[in-house]
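> Quick note, the sequences are listed as chains W and H, same order.
The numbering of the first sequence is the numbering used here, which starts it at 3 and goes up by one.
The numbering of the second sequence is the numbering used here, which starts it at 3 and goes up by one.
A virtual CB, placed ideally from N, CA and C, is assigned to each residue, including glycine.
Right, I'll just put the structure down here and ask away after.
2 protein chains.
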Amino acid sequence: MVASKSWLEIPADSHFSIANIPFGIISTEGQEQKRSAVAIGDYALDLQCFAKNGGFSGLPSIQDKLSVFGEPTLNSFAALGRPVHKQVREYLQDVFSEGSASSKVLKDNEELKKEALVPRSKAKLHLPMQIGDYTDFFAGINHAFNVGTMFRGPANALQKNYTHLPVGYHGRASSVVVSGTPIRRPNGQVILDPSKPDEPTYTACKRLDIELELAAFVCTPNKQGEPIPVGTAEDNLFGLVLMNDWSARDIQTWEYVPLGPFNAKNFGTSISPWVVLMDALEPFRTKALENSTELTAYLKDPQANRAYDIKLEVDLTTSDGTNTTISKTTAANLLWSFPQMLAHHTVGGCPMNTGDLLGSGTISGTERDTLGSLLEINRAGKEEVKLSNGEVRKFLVDGDTVTIRGACGVENGQLVGFGECVGTILPAPPLQQ
Amino acid sequence: MVASKSWLEIPADSHFSIANIPFGIISTEGQEQKRSAVAIGDYALDLQCFAKNGGFSGLPSIQDKLSVFGEPTLNSFAALGRPVHKQVREYLQDVFSEGSASSKVLKDNEELKKEALVPRSKAKLHLPMQIGDYTDFFAGINHAFNVGTMFRGPANALQKNYTHLPVGYHGRASSVVVSGTPIRRPNGQVILDPSKPDEPTYTACKRLDIELELAAFVCTPNKQGEPIPVGTAEDNLFGLVLMNDWSARDIQTWEYVPLGPFNAKNFGTSISPWVVLMDALEPFRTKALENSTELTAYLKDPQANRAYDIKLEVDLTTSDGTNTTISKTTAANLLWSFPQMLAHHTVGGCPMNTGDLLGSGTISGTERDTLGSLLEINRAGKEEVKLSNGEVRKFLVDGDTVTIRGACGVENGQLVGFGECVGTILPAPPLQQ
């Protein structure tokens with residue numbers, strides 16, 4: 003479905019076409035209070051202001067719920083459920099459509115346009131949701147295979163359970179930050195001398211890495227003890243964001259046996275600020291990677307095509323401003339879909355809350371220029387990434403900036419994109435004496 | 003230090019002596035709104051009511067903060083910091099002391115006594131804190147050794163990192179429930195036939211276990227990127243509760259490689275409702291177990307004696323009401339202290355928030371009647387626990403109730419106890435088709 007043309011000038015390569023309408027939380031100079039907005043072209047439409055000035059007059063069903071747009075997170079809006087998200091998104095598409103009846107509320111109201119249409123360059127973006135719990139899965143099978151090969155060889159690269167269930171672990175919700183927040187290099191215990199594998203050193207991380215991921219926000223909760231069926235699980239999801247799950251590989255190697263990653267991951271995880279709704283992604287659904295394992299009942303999805311053909315890329319920018327694209331891949335490189343992750347997460351009765359975040363795991367293709375982590379690109383530290391300015395990298399150095407971008411569709415003014423997920427590495431704090 | 007005698011009749015074996023004054027959240031019939039209380043003898047003092055009626059008139063420093071006691075969690079009170087907790091606790095001890103000046107505000111006010119002193123049997127107890135993130139450590143070295151021995155033999159029972167850092171993993175905050183909440187047996191994937199280790203079956207858990215733990219609530223946050231030094235970390239803690247980290251051993255065995263426990267743990271974790279403040283536990287500090295490993299700087303605590311001699315016991319009650327005490331141990335059986343756990347958790351910059359929960363890991367002694375999990379008591383399913391009514395158990399059956407109790411001191415009307423942490427097993431929901 004091609005969305006209508008907008009009366010608002012939207013650049014053809016904008017991630018925020020009228021086909022998108024992603025939701026986020028903004029504040030502005032002079033109005034520091036956080037509130038909801040949607041991104042459209044080079045603007046953010048301030049939904050609190052829009053609602054207060056009759057912008058939603060054409061959508062009677064939402065009238066008693068407009069206060070949600072004045073809240074500092076999207077949780078209350080998300081909790082209204084997918085049918086409401088769909089109505090609001092479609093209404094806003096109509097508001098921005100050339101010649102539509104609803105367009106009058108904004109297009110013909112110069113004062114409201116001035117007040118509610120904030121240039122995005124002037125909007126400060128915040129975490130879109132209050133995240134109760136954050137879970138990170140491992141659904142990128144190429145990544146799991148590549149990393150498993152490094153440790154156990156290709157024959158034993160994937161653990162026995164890998165194709166039977168979406169492996170995941172509980173992450174640290176408090177460390178999730180919005181794109182643009184600097185990331186401080188962590189200190190921790192690492193093995194510096196492989197010949198002394200029992201003698202850790204307390205030092206700044208020397209193998210600081212990225213993980214290119216997608217992540218889904220939960221909108222509709224389930225009660226403790228009541229699993230979410232895979233067939234309807236998509237309706238429990240609000241939308242997707244890009245994620246960079248920064249990883250301290252050397253800390254991870256020493257700490258992760260037997261209970262999994264901990265300080266290697268909990269110093270920071272960045273997400274993009276605009277939540278792209280499930281309905282906006284609908285036209286870009288595609289098959290996930292083939293799983294030849296016969297799945298057990300609770301993971302058998304009656305619908306195929308639950309992956310998304312989101313084109314992803316990762317840029318590394320050095321402190322001198324030199325930019326190098328180090329990876330280009332697609333989000334279709336996942337073995338498990340978000341509905342399957344949610345069905346598995348709740349099969350034992352785990353309660354999900356509005357605002358919970360589910361990461362996909364690192365998304366890698368099979369070729370060297372399609373990998374989602376430096377660990378894979380540099381083959382466990384054996385090779386180097388050549389940057390445009392002649393420098394090389396195995397892992398990140400202080401001052402490096404990593405930018406993830408992702409979008410669906412082609413550049414005809416109909417892109418459904420995520421914008422960027424950006425973070426710059428700050429030096430580690432002094433070691434404690 | 004022996005606390006004063008109270009004018010209120012407090013049974014000599016009460017966990018809630020005047021030496022304790024633990025904080026919790028109650029509601030009552032006719033006043034469903036959640037609010038703060040302290041436990042004292044057979045009563046809960048409703049702090050909202052007490053504050054509204056001038057109960058805190060003798061504590062001028064708290065006058066502008068009294069609204070915290072009307073909130074539905076203790077988070078705002080906890081966030082005021084340890085010096086305030088200490089003042090309030092000492093003031094309330096004074097209020098309940100025979101012959102003290104402050105005792106008049108309650109003792110001589112029949113109307114307020116009637117309104118604010120709620121018989122505990124009539125108070126409904128709720129989760130004391132809103133838990134942002136929950137982390138579970140593995141600091142019970144006897145448990146780690148016992149379980150490690152089952153899988154790798156005694157020579158390799160402990161992983162290389164075990165004595166160098168407090169191993170832990172991120173748990174699931176949304177699944178933490180207050181004592182008394184029934185626990186539904188989880189469904190999941192398990193290997194039923196050990197000769198077919200690649201063929202999981204979707205079934206109700208058959209090896210449902212307990213884990214006897216202590217847990218600490220965080221009061222004072224740190225900023226992302228700013229570690230908490232071990233020497234002052236105790237002041238970042240609000241208090242302790244008992245915890246039962248219910249565990250599905252068969253689900254765990256299949257799922258936990260390589261990222262750690264997930265659905266084996268996230269169906270439910272029970273905590274006791276009354277938070278015993280760090281200051282109340284001060285007289286019961288003792289040395290943790292000896293660690294012969296030379297610790298790195300950030301884990302070297304200038305103070306010894308950070309463990310607590312809390313006497314713990316676990317009862318298993320069958321659905322016919324027969325009670326069997328299956329374990330008696332002490333919380334001193336930990337290798338790592340809560341300040342060390344907090345220092346390690348934040349060494350890489352992980353931000354802690356008020357209300358975050360840190361579990362100790364399973365607390366076991368070395369003898370068979372001092373173990374903190376059925377897995378250890380039954381030696382990985384090889385032996386049985388004999389119950390008082392002639393039944394036997396390897397793992398829990400539906401209808402079983404597990405009660406954890408813990409207290410410091412001797413029974414002379416000066417006990418500092420936690421009350422109980424109770425949960426009853428409900429049958430698993432039907433399998434999905």
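Over the uninterrupted beta strand (DSSP E) stretch that includes residue 128 (chain W), give me the two end residues.
Along the first sequence, read from residue 1 onward, the residue named residue 128 (chain W) stands at position 126. Start and end: 125-128.
> What whole-angstrom Cβ distance do residue 212 (chain H) and residue 248 (chain H) have, given they're in contact under 8 Å?
Counting from 1 along the second sequence, the entry for residue 212 (chain H) is found at position 210. Counting from 1 along the second sequence, the entry for residue 248 (chain H) is found at position 246. At roughly 6 Å, the Cβ-Cβ gap stays under 8 Å, so residue 212 (chain H) and residue 248 (chain H) are in contact.
> With a Cβ-Cβ cutoff of 8 Å, do residue 312 (chain H) and residue 409 (chain H) count as a contact?
Locating residue 312 (chain H) in the second sequence gives position 310, where the first residue counts as 1. Locating residue 409 (chain H) in the second sequence gives position 407, where the first residue counts as 1. Yes, the pair counts as a contact, with Cβ atoms nearer than the cut-off.
> Where are the alpha helix (DSSP H) runs, 4 residues long or more, that stay fully inside the region 90-161 of chain W, in chain order?
Counting only runs of 4 or more, we get 106-109, 112-118, 143-154.
> So what does DSSP say about residue 297 (chain W), is it helix, strand or coil?
Position 295 of the first sequence, counted from the start, is the residue given in the question as residue 297 (chain W). In this structure, residue 297 (chain W) counts as coil in the three-state DSSP scheme.
> Starting from the C-beta of residue 7 (chain H), find all residues in its chain whose C-beta is less than 8 Å away, skip the five residues before and the five after it, and write them out in chain order.
Here residue 7 (chain H) refers to the residue found at position 5 when the second sequence is read from its first residue. Sequence-distant Cβ neighbours of residue 7 (chain H) in its own chain, meaning closer than 8 Å and more than five residues away, are 20, 99, 100, 415.
> Return helix, strand or coil for residue 408 (chain H), following the three-state DSSP convention.
The residue given as residue 408 (chain H) occupies position 406 in the second sequence. Assignment of residue 408 (chain H) by DSSP, reduced to helix, strand and coil, places it in the strand class.
> Quick one: using the 10 Å Cβ neighbour count with 16 as the cut-off for buried, is residue 222 (chain H) buried or exposed?
Position 220 of the second sequence holds residue 222 (chain H). Residue 222 (chain H) comes out buried.
> Chain W beta carbons: is any one of them nearer than 8 Å to that of residue 354 (chain H)?
Counting from one through the second sequence, the residue named residue 354 (chain H) turns up at place 352. Yes, contact with chain W.
> Give a yes or no on whether 8 Å exceeds the smallest Cβ distance from residue 198 (chain H) to chain W.
For the purposes of this step, residue 198 (chain H) is taken as residue 196 along the second sequence, with counting starting at 1. No, residue 198 (chain H) lies away from the interface with chain W (no Cβ there is under 8 Å from its Cβ).
> Thinking residue 282 (chain H) and residue 23 (chain H) are a contact (beta carbons under 8 Å), I'd like their distance in whole angstroms, please.
As a first step, residue 282 (chain H) is located in the second sequence; it is residue number 280 there, counting from the start. As a first step, residue 23 (chain H) is located in the second sequence; it is residue number 21 there, counting from the start. Confirmed, about 6 Å.
> Starting from residue 207 (chain W), trace the alpha helix (DSSP H) in both directions and tell me its first and last residue.
Locating residue 207 (chain W) in the first sequence gives position 205, where the first residue counts as 1. No alpha helix (DSSP H) holds residue 207 (chain W); DSSP gives it neither H nor E.
> Would residue 169 (chain W) pass as an interface residue toward chain H - the criterion being a Cβ-Cβ separation below 8 Å?
On the first sequence, residue 169 (chain W) is found 167 positions in, with the first residue counted as 1. Yes, because at least one Cβ of chain H sits closer than 8 Å to the Cβ of residue 169 (chain W).
> Pull up the CB-CB distance for residue 30 (chain H) and residue 124 (chain H), whole angstroms please, since I reckon it's below 8 Å.
In the second sequence, counting from the first residue as 1, residue 30 (chain H) sits at position 28. In the second sequence, counting from the first residue as 1, residue 124 (chain H) sits at position 122. Contact flag correct, Cβ pair sits at about 6 Å.
> Rounded to whole angstroms, how far is the Cβ of residue 230 (chain W) from the Cβ of residue 348 (chain W), which I believe are closer than 8 Å?
To locate residue 230 (chain W), count along the first sequence from 1; it is residue 228. To locate residue 348 (chain W), count along the first sequence from 1; it is residue 346. So it is a contact: roughly 5 Å between Cβ atoms.
> Run through chain H and tell me which residues come within less than 7 Å of residue 135 (chain W), C-beta to C-beta.
For the purposes of this step, residue 135 (chain W) is taken as the residue at position 133 of the first sequence. By Cβ distance, chain H contributes 174, 175, 176.
> Would residue 226 (chain W) count as contacting chain H if we go by Cβ distances under 8 Å?
The sequence position of residue 226 (chain W) within the first sequence is 224, counting from 1. Yes, its Cβ sits closer than 8 Å to a Cβ of chain H.
> Just by C-beta distance, which residues in the region 297-331 of chain W are closer than 8 Å to chain H?
298, 299, 300
> Which runs of the beta strand (DSSP E) fall wholly inside the region 189-241 of chain H and span at least 3 residues, in chain order?
189-192, 203-206, 214-220
> Check each residue of the region 225-248 of chain H: if its Cβ is closer than 9 Å to any Cβ of chain W, include it; give the result in chain order.
226, 227, 228, 229, 231, 232
> Is residue 438 (chain H) near residue 210 (chain H), with beta carbons less than 8 Å apart?
With chain H running from 3 to 435 in the structure shown, residue 438 (chain H) is simply not present.
> List, in order along the chain, the chain H residues whose C-beta lies closer than 7 Å to that of residue 162 (chain W)?
Counting from 1 along the first sequence, the entry for residue 162 (chain W) is found at position 160. What residue 162 (chain W) touches in chain H: 199, 200.
> Answer yes if the region 55-73 of chain H comes into contact with the region 263-270 of chain H, meaning at least three C-beta pairs across the two stretches below 8 Å, and no otherwise.
Counting C-beta pairs with one atom in each stretch, the region 263-270 of chain H and the region 55-73 of chain H have fewer than three that are closer than 8 Å, which means they do not touch.
> For the 8 Å Cβ check, are there 3 or more pairs between the region 175-195 of chain W and the region 149-167 of chain W?
Output reads no: the region 149-167 of chain W does not touch the region 175-195 of chain W.
> Within 10 angstroms of the Cβ of residue 154 (chain H), are there 16 or more other Cβ atoms? Answer buried if so, exposed if not.
Here residue 154 (chain H) refers to the residue found at position 152 when the second sequence is read from its first residue. Exposed.
> Beta-carbon of residue 253 (chain W) versus every beta-carbon of chain H: anything under 8 Å?
As a working note, residue 253 (chain W) is residue 251 in the first sequence. At a cut-off of 8 Å, the C-beta of residue 253 (chain W) has a neighbouring C-beta in chain H.
> Using a Cβ cut-off of 7 Å, which residues of the region 135-159 of chain H contact any Cβ in chain A, in chain order?
Reference to chain A is not applicable here, since the protein chains of this structure are W and H.
> For a quick check, are the C-beta atoms of residue 322 (chain H) and residue 405 (chain H) less than 8 Å apart?
Taking the second sequence and counting its residues from 1, the one referred to as residue 322 (chain H) is at position 320. Taking the second sequence and counting its residues from 1, the one referred to as residue 405 (chain H) is at position 403. The criterion of a C-beta distance shorter than 8 Å is not satisfied by residue 322 (chain H) and residue 405 (chain H).
> Please tell me whether residue 232 (chain H) and residue 261 (chain W) are closer than 8 Å, where the distance is taken between their beta carbons.
For this step, residue 232 (chain H) is matched to residue 230 along the second sequence. For this step, residue 261 (chain W) is matched to residue 259 along the first sequence. Not in contact: residue 232 (chain H) and residue 261 (chain W) (Cβ atoms no closer than 8 Å).
> Can you list, in chain order, the residues of its chain with a C-beta nearer than 8 Å to that of residue 351 (chain H)? Leave out the 5 residues immediately preceding and following it.
Locating residue 351 (chain H) in the second sequence gives position 349, counting from the first residue. For residue 351 (chain H), where only same-chain residues beyond five positions count, the Cβ hits under 8 Å are 226, 227, 228, 229.
> Could you pull out every residue in the same chain whose Cβ sits closer than 6 Å to the Cβ of residue 334 (chain H), ignoring the five residues on either side in sequence?
Here the question's residue 334 (chain H) lines up with position 332 in the second sequence. Correct list, in chain order: 288, 309, 311.
> Under a CB-based cut-off of 8 Å, is residue 293 (chain H) close to chain W?
Taking the second sequence and counting its residues from 1, one reaches residue 293 (chain H) at position 291. By this cut-off, residue 293 (chain H) is not an interface position.
> Give the straight-line distance between the Cα atoms of residue 56 (chain W) and residue 33 (chain W), rounded to the nearest whole angstrom.
In the first sequence, the residue the question calls residue 56 (chain W) occupies position 54. In the first sequence, the residue the question calls residue 33 (chain W) occupies position 31. Answer to the nearest angstrom: the Cα atoms are 20 Å apart.
> In chain H, what lies closer than 7 Å to residue 189 (chain W) by C-beta?
Residue numbering aside, residue 189 (chain W) sits at position 187 when the first sequence is read from its first letter. 349, 350, listed in chain order.
> Tell me, which residues are paired with residue 318 (chain W) by DSSP?
In the first sequence, the residue the question calls residue 318 (chain W) occupies position 316. Note: residue 318 (chain W) sits in a beta bridge opposite W:326, W:404.
> Could you work out which residue in W:130, W:9, W:63 is closest to residue 39 (chain W) when comparing CA atoms only?
Residue 39 (chain W) sits at position 37 when you count from the first residue of the first sequence. Closest in C-alpha terms to residue 39 (chain W), from the list W:130, W:9, W:63, comes W:130.
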